[in-house]
Amino acid sequence: MNKASDVIVIGAGVVGCAAAYYLAKRGVKVTVLERREVACGASGRNGSGARQSGRDNRELPLAMFGVKHIWPTLGEELGEDIEYIQNGNMRLGKTEKDREALEELVRQNSSLGLDVRMVYGQDIRELIPDVSPEVQYATYCPTDGHANPMRTTLALYKRARELGAQFITNIKVLKLEKVAGRIRRVHTDDGIYEADSVILCAGFGSRKIMRTVGLDVPMLPQLTEAFVTEPIPAVTDKFISAADGCFYAQQQRNGTWVIGGDSNYEIYDATYPREVTFSFSAPRIARFFLEYMPTLKGVKVIRSWSGQLDMCWDGSPVISPVEEVEGLYVGCAFTGHGFGIGPAAGYVLAQMAVGETPAADLSGLRYDRFRLPSH
Ligand SMILES: Cc1cc2nc3c(=O)[nH]c(=O)nc-3n(C[C@H](O)[C@H](O)[C@H](O)COP(=O)(O)OP(=O)(O)OC[C@H]3O[C@@H](n4cnc5c(N)ncnc54)[C@H](O)[C@@H]3O)c2cc1C
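Counting from 25, one number per residue, gives the positions in the sequence shown under this note's numbering.
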């Protein structure tokens, strides 16, 4: 095991595996340190949405970069079927309040050039015939899609390893250490690793690690749930969700539906036993879902699971170099929508670590935005 590298990546989720892949592809000597197993965090257990629409405009340039330049060719590039499809995303609404929120999203997102539009009434049923007649408003972004999260993360990991990246699992990063103002050492429960640069993308775990060099990002750990149904004949190829976030859902290639959302009983507690599910979460989300897709009543749920999110105070991620600690790059606080931008986030973090200008505008995602006066 080699304890000296050009770059250390902390966390082997989709962001860390992508960063490692893009670095290894450039011939950079990279070591990934992962507390548990590759893809064991949110990246291996998410709802698979790779959408641009509905994102805050601060992260939209990165999402659009990913959909234009990364997702469509990623599977082929990695030599794996990551089940990426680009059949569009629809956010559904029933009330006037929903309509206002959806129209505002369209205004915001289209101001940055995203092709996202409002669809009303019967036109929604042309796109999703089974939707409830109560649904009267929807956003539609035809270039949004979804991919298999586990396959995507593992494909990035596998290719990164083939290109020479070193992955060390079951090792916990405890603290960072600067030498002469620059990041140098990463202390773990199995000794000290050294590198010229460090990419920190350890989900909520990033907060504790950042604090060891005097930094912080206001985020909370949220335990959230999803479930999968038995396979049924094709209903819709669109990724759908509710305007108020009570559910999101998509039917996969094998006919099963993956469904998740906010039950509003989510637990915010990092010390809670990891990844447990509760008897009320899946039924609540299923009930919300059936209010929008009533014809799916009676379809059996075969499995449910949970995962931990790194919920940022302002709802957008931090993807940023750190001025106070030269050589440290942070990618965390993805707030429940980091899979869709995960490969692109890994790409730009790798660019930063080799001194290149990131390919997308990340100016709204800086780590120090919370320190700036709000008015
Ligand atoms: C149920 C669910 C549904 C979701 N649905 C979607 C969706 O549809 N679309 C979407 O875009 N996003 C979705 N997300 C969010 C998305 O999965 C995450 O934002 C994304 O996977 C974050 O990737 P990551 O690499 O930053 O984090 P993770 O995959 O959580 O990886 C972080 C890694 O860091 C490791 N780590 C932590 N602390 C340490 C330490 N001290 N030392 C070493 N390693 C450490 C962890 O073990 C973990 O493996 C969902 C998440 C969940 C849970």
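For each residue, glycine too, the CB sits at the ideal point set by N, CA and C.
Between the CA atoms of residue j and residue i - distance to the nearest angstrom
| i | j | result |
| --- | --- | --- |
| TYR144 | GLN160 | 6 Å |
| PHE251 | THR319 | 18 Å |
| GLU254 | ALA43 | 35 Å |
| GLY370 | TYR272 | 25 Å |
| VAL80 | ALA258 | It is Asp, not Val, that sits at residue 80 in the sequence shown. So the two alpha carbons sit approximately 31 Å from each other. |
| GLY355 | TYR45 | 15 Å |
| VAL39 | SER156 | 37 Å |
| VAL237 | VAL346 | 11 Å |
| THR163 | ASN113 | 8 Å |
| MET234 | ILE34 | 11 Å |
| ASP14 | GLY78 | What the structure shows of the chain is the stretch from 25 to 399, and residue 14 is not part of that stretch, so it cannot be assessed. |
| GLY339 | ARG390 | 13 Å |
| ASP293 | ASP286 | 16 Å |
| LEU373 | ILE223 | 7 Å |
| ARG69 | GLY379 | 32 Å |
| ARG231 | VAL241 | 6 Å |
| ARG175 | ASP105 | 7 Å |
| LEU57 | CYS225 | 10 Å |
| ASP168 | MET142 | 15 Å |
| GLY95 | LEU102 | Sequence check: residue 95 is Trp here, not Gly. Approximately 11 Å, taken between the alpha carbons. |
| ARG327 | TYR181 | 26 Å |
| GLY366 | ASP213 | 27 Å |
| PHE304 | GLU218 | 46 Å |
| SER330 | GLY137 | 35 Å |
| GLY322 | ILE256 | 11 Å |
| ALA368 | GLU348 | 25 Å |
Residue environment, residue i, which counts as buried when at least 16 other CB atoms sit within 10 Å
| i | result |
| --- | --- |
| ALA204 | exposed |
| ASN133 | buried |
| ASN402 | A question about residue 402 goes unanswered here, because the residues of the chain that appear run from 25 up to 399. |
| PRO153 | exposed |
| SER72 | buried |
| SER29 | buried |
| GLN190 | buried |
| LYS262 | buried |
| GLY351 | buried |
| GLY227 | buried |
| GLU100 | exposed |
| ASN288 | exposed |
| ASP122 | buried |
| SER135 | exposed |
| TRP281 | buried |
| GLY65 | buried |
Residue(s) in a DSSP beta bridge with residue i
| i | result |
| --- | --- |
| MET335 | LEU244 |
| GLU62 | The question names Glu, but residue 62 is Val in the sequence shown. DSSP lists no partner for VAL62. |
| GLU218 | ALA28 and ARG209 |
| CYS225 | DSSP output for CYS225 lists no bridge partner at all. |
| ILE343 | GLY355 |
| THR55 | ILE32 and GLN190 |
| ARG327 | VAL252 |
| GLU380 | DSSP output for GLU380 lists no bridge partner at all. |
| GLU350 | ARG206 |
Heavy atom of ligand 1 within 8 Å of residue i beta-carbon
| i | result |
| --- | --- |
| ALA368 | no |
| THR212 | yes |
| GLU58 | yes |
| ILE233 | yes |
| ASN70 | yes |
| LEU333 | yes |
| PRO173 | yes |
| ALA179 | no |
| ARG75 | yes |
| HIS93 | no |
| ILE34 | yes |
| THR359 | yes |
| GLU249 | yes |
| LYS182 | no |
| VAL197 | yes |
Contact with chain D by residue i, beta-carbon distance below 9 Å
| i | result |
| --- | --- |
| SER265 | Annotation note: the requested chain D is absent from the structure, which comprises a single protein chain. |
Any non-hydrogen atom of ligand 3 within 8 Å of residue i CB
| i | result |
| --- | --- |
| LEU138 | The ligand content of the structure shown is limited to ligand 1, which means ligand 3 is not among them. |
Problem - beta strand (DSSP E) runs contained entirely in the stretch 229-302, provided each spans 3 or more residues - result: 243-253, 263-266, 272-275 and 281-284
Exercise for the section: Please list the segments of the beta strand (DSSP E) lying wholly inside the stretch 70-155, counting only runs of 3 or more residues, in order along the chain. Expected result: 113-117 and 141-144
Practice task
Go through the stretch 154-203 residue by residue and report every complete run of the alpha helix (DSSP H) that reaches 4 residues or more, in order.
Solution key: Residue ranges of uninterrupted alpha helix (DSSP H) with 4 or more members, entirely inside the stretch 154-203 and ordered along the chain, are 173-186.
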